[in-house]
């Protein structure tokens with residue numbers, strides 16, 4: 004069924020946030036653009052249930068495809084990936100560096116549940132894995148993030164491009 | 003904190019951190035955490051909560067950033083409806099031409115026929131030469147195939163800096179093959195290619211024009227090719243196909259209806 008363009012447009016800021024966390028600022032907007040183009044091209048396949056879940060699944064696949072075709076995504080560069088506003092830059096740089104070091108599947112689940120606020124059920128639909136997998140991945144992702152944060156310097160060196 | 007101490011799994015702990023446990027299960031997780039020998043997990047949970055909060059704090063500001071124009075452009079709907087757009091500078095001559103359409107030999111079934119401004123005529127030439135060159139390619143007809151339409155759409159939309167979306171002509175018996183970037187006087191233009199059941203090729207050429215305006219549909223012909231072309235705002239279109247004017251006209255109308 005046809006997608007309501009306004010509803011789609013309202014999702015864009017959050018899609019950009021998800022893409023930023025998954026793939027970094029260099030690629031995020033290109034990936035969101037690919038995702039929107041695909042969604043529109045395939046809107047007849049949309050069954051009208053849950054637009055956000057459907058779009059996030061497409062975006063997740065766009066990111067995975069990009070990671071495959073480039074062998075790996077460029078490293079997240081916390082200094083450029085950090086959004087501008089807000090306080091306490093040191094802790095934000097640290098958390099993004101740690102996030103960037105996680106495996107793709109751990110980043111996905113962490114961002115979907117913690118940042119995007121999806122339920123386990125919804126995340127399981129988006130990632131096409133059982134709900135138990137969502138929960139165990141989430142626990143692992145959080146532990147690994149904690150590990151990286153412990154070991155990471157507060158302000159990491161800027162990576163060479 | 004007394005009561006039955008139920009073993010708590012990592013999954014329980016994660017769900018507890020996310021506030022997604024049923025109240026009775028949450029209560030037993032709390033009881034478990036309160037017991038001194040589980041202090042490590044209490045610290046772990048605290049850690050999770052802190053890092054969850056910093057993750058949100060680091061990424062939420064993205065929400066407040068202005069949307070890049072390209073993203074809105076993909077939606078292609080920020081445009082006002084077709085009727086409202088079609089009244090810029092060239093409308094007056096076009097309307098006059100419509101009135102005398104038959105006299106200038108372009109009478110036909112389009113509601114509005116235009117006397118083509120020079121810019122539109124140049125457009126028709128570009129579109130028809132691109133058609134002549136690429137529609138004869140059997141193996142390399144397109145650069146990006148229809149199976150990778152999303153990529154094609156975002157690539158061409160980016161290069162032309164305007165949303166490009168291939169019209170669906172399957173109802174007219176045409177299969178979308180894909181498209182390519184083609185040069186148009188040193189600037190990028192797009193060519194989308196279709197094929198009918200008999201293997202005849204049809205192309206839609208899309209190019210940006212120098213100035214904004216509106217040119218109603220006009221007909222152009224050269225040996226073996228006929229085409230209809232029009233301009234809408236700063237985007238010009240040429241739909242070209244084999245010499246069968248009625249059929250190409252009907253297809254052009256379908257294209258026009260879909261993209262304006």
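Residue numbers (this note's numbering), protein chains in the order written: chain H, 4 to 164; chain G, 3 to 262. Think of the CB as a built atom: it goes at the ideal place given N, C-alpha and C, for glycine as much as any other residue. Note that this is a predicted model, so its numbers are computed, not measured.
>> Less than 8 Å between CB atoms is the rule here; does residue 67 (chain H) satisfy it with respect to chain G?
In response: Position 64 of the first chain, counting from 1, holds the residue named residue 67 (chain H). It does not: the Cβ of residue 67 (chain H) has no partner Cβ on chain G nearer than 8 Å.
> Just the Cα atoms here: how many angstroms apart are residue 174 (chain G) and residue 137 (chain H)?
Replying inline: Along the second chain, one-based indexing puts residue 174 (chain G) at 172. Along the first chain, one-based indexing puts residue 137 (chain H) at 134. Cα to Cα, the separation comes out at about 46 Å.
>> Going by C-alpha to C-alpha distance, which of G:49, G:14, G:125 sits closest to residue 186 (chain G)?
In response: Numbered from its first residue, the second chain carries residue 186 (chain G) at position 184. Of the candidates G:49, G:14, G:125, the one whose C-alpha sits nearest the C-alpha of residue 186 (chain G) is G:125.
> What residues from chain H crowd round residue 156 (chain G), counting only those whose CB sits closer than 7 Å?
Replying inline: What you label residue 156 (chain G) is simply residue 154 of the second chain in a count that begins at 1. Near residue 156 (chain G) (Cβ distances below 7 Å), the residues of chain H are 36, 37, 40.
> Which word fits residue 88 (chain H), buried or exposed, when buried means at least 16 other C-beta atoms lie within 10 angstroms of its C-beta?
Replying inline: In the first chain, the residue the question calls residue 88 (chain H) occupies position 85. A caution first: residue 88 (chain H) carries a pLDDT of 43, below 50, which makes its placement in the model too unreliable to give a value.
> Does any residue of chain H bring its CB to less than 8 Å from the CB of residue 192 (chain G)?
Replying inline: The residue given as residue 192 (chain G) occupies position 190 in the second chain. By this cut-off, residue 192 (chain G) is not an interface position.
> Does DSSP put residue 13 (chain G) in a helix, a strand or coil?
Replying inline: Along the second chain, one-based indexing puts residue 13 (chain G) at 11. In this structure, residue 13 (chain G) counts as helix in the three-state DSSP scheme.
> Along the region 29-62 of chain G, what residues have a CB closer than 8 Å to any CB found in chain H?
Replying inline: 46, 49, 50, 53, 54, 56, 57, 58, 59, 60, 61, 62
>> Could you check whether the Cβ of residue 64 (chain G) sits closer than 7 Å to any heavy atom belonging to the ligand MN?
In response: The ligand MN is not part of this structure, which contains no ligands at all.
>> Based on DSSP bridge pairs, tell me the residues matched to residue 193 (chain G).
In response: Position 191 of the second chain, counting from 1, holds the residue named residue 193 (chain G). The partner list for residue 193 (chain G) (beta bridge, DSSP) reads G:182, G:207.
> Where residue 110 (chain H) and residue 176 (chain G) are concerned, what is the direct C-alpha to C-alpha distance, given to the nearest angstrom?
Replying inline: As a position in the first chain, residue 110 (chain H) is number 107, starting the count at 1. As a position in the second chain, residue 176 (chain G) is number 174, starting the count at 1. Roughly 43 Å between the two C-alpha positions.
> If you follow the beta strand (DSSP E) that residue 234 (chain G) is part of, which residue opens it and which one closes it?
Replying inline: As a position in the second chain, residue 234 (chain G) is number 232, starting the count at 1. Note, residue 234 (chain G): beta strand (DSSP E), 227-244.
>> Could you check whether the Cβ of residue 149 (chain G) sits closer than 8 Å to any Cβ belonging to chain H?
In response: In the second chain, counting from the first residue as 1, residue 149 (chain G) sits at position 147. Answer no: the Cβ-Cβ gap between residue 149 (chain G) and chain H never drops below 8 Å.
>> Taking the alpha carbon of residue 63 (chain H) as the reference point, which residue from H:143, H:25, H:11 has its own alpha carbon closest?
In response: The residue you call residue 63 (chain H) lines up with position 60 of the first chain. Residue H:25 is the option with its Cα nearest to residue 63 (chain H).
> Three-state secondary structure (DSSP) at residue 215 (chain G)?
Replying inline: Residue 215 (chain G) sits at position 213 when you count from the first residue of the second chain. DSSP places residue 215 (chain G) in strand when its eight states are reduced to three.
>> Measuring only the C-alpha atoms, how far is residue 56 (chain G) from residue 14 (chain H)?
In response: Here residue 56 (chain G) refers to the residue found at position 54 of the second chain. Here residue 14 (chain H) refers to the residue found at position 11 of the first chain. If you take the alpha carbons of residue 56 (chain G) and residue 14 (chain H), they lie about 22 Å apart.
>> Rounding to the nearest angstrom, what Cα-Cα distance links residue 267 (chain G) and residue 250 (chain G) in this structure?
In response: Because chain G in this structure spans residues 3 to 262, residue 267 (chain G) falls outside the shown range and cannot be described.
>> Here's the rule: buried if 16 or more other CB atoms are within 10 angstroms of the residue's CB, otherwise exposed. What is residue 223 (chain G)?
In response: Here residue 223 (chain G) refers to the residue found at position 221 when the second chain is read from its first residue. By the neighbour-count rule (16 or more Cβ atoms within 10 Å), residue 223 (chain G) is not buried but exposed.
> Since residue 250 (chain G) is in the alpha helix (DSSP H), which residue starts that stretch and which ends it?
Replying inline: As a working mapping, residue 250 (chain G) is identified with position 248 in the second chain. Run containing residue 250 (chain G): 247-261, per the alpha helix (DSSP H) assignment.
> Based on the DSSP output, what are the partners of residue 222 (chain G) in its beta bridges?
Replying inline: The residue given as residue 222 (chain G) occupies position 220 in the second chain. The partner list for residue 222 (chain G) (beta bridge, DSSP) reads G:229.
>> Does the CB of residue 264 (chain G) have a neighbour CB from chain H at under 8 Å?
In response: Since the first residue of chain G shown is 3 and the last is 262, residue 264 (chain G) is not available in this structure.
> If the cut is a Cβ gap below 8 Å, which residues of chain G does residue 23 (chain H) touch?
Replying inline: Within the first chain, the letter at position 20 stands for residue 23 (chain H). Near residue 23 (chain H) (Cβ distances below 8 Å), the residues of chain G are 61, 64.
> residue 20 (chain G) versus chain H: which residues are under 7 Å apart at the beta carbon?
Replying inline: For this step, residue 20 (chain G) is matched to residue 18 along the second chain. Those within 7 Å of residue 20 (chain G) in chain H are 116.
> In terms of residues, what are the limits of the alpha helix (DSSP H) holding residue 61 (chain H)?
Replying inline: For this step, residue 61 (chain H) is matched to residue 58 along the first chain. Element bounds for residue 61 (chain H): 54-72.
> Can you pull the DSSP bridge partners for residue 146 (chain G)?
Replying inline: Stepping through the second chain from its first residue, residue 146 (chain G) is reached at position 144. According to DSSP, residue 146 (chain G) bridges with G:181.
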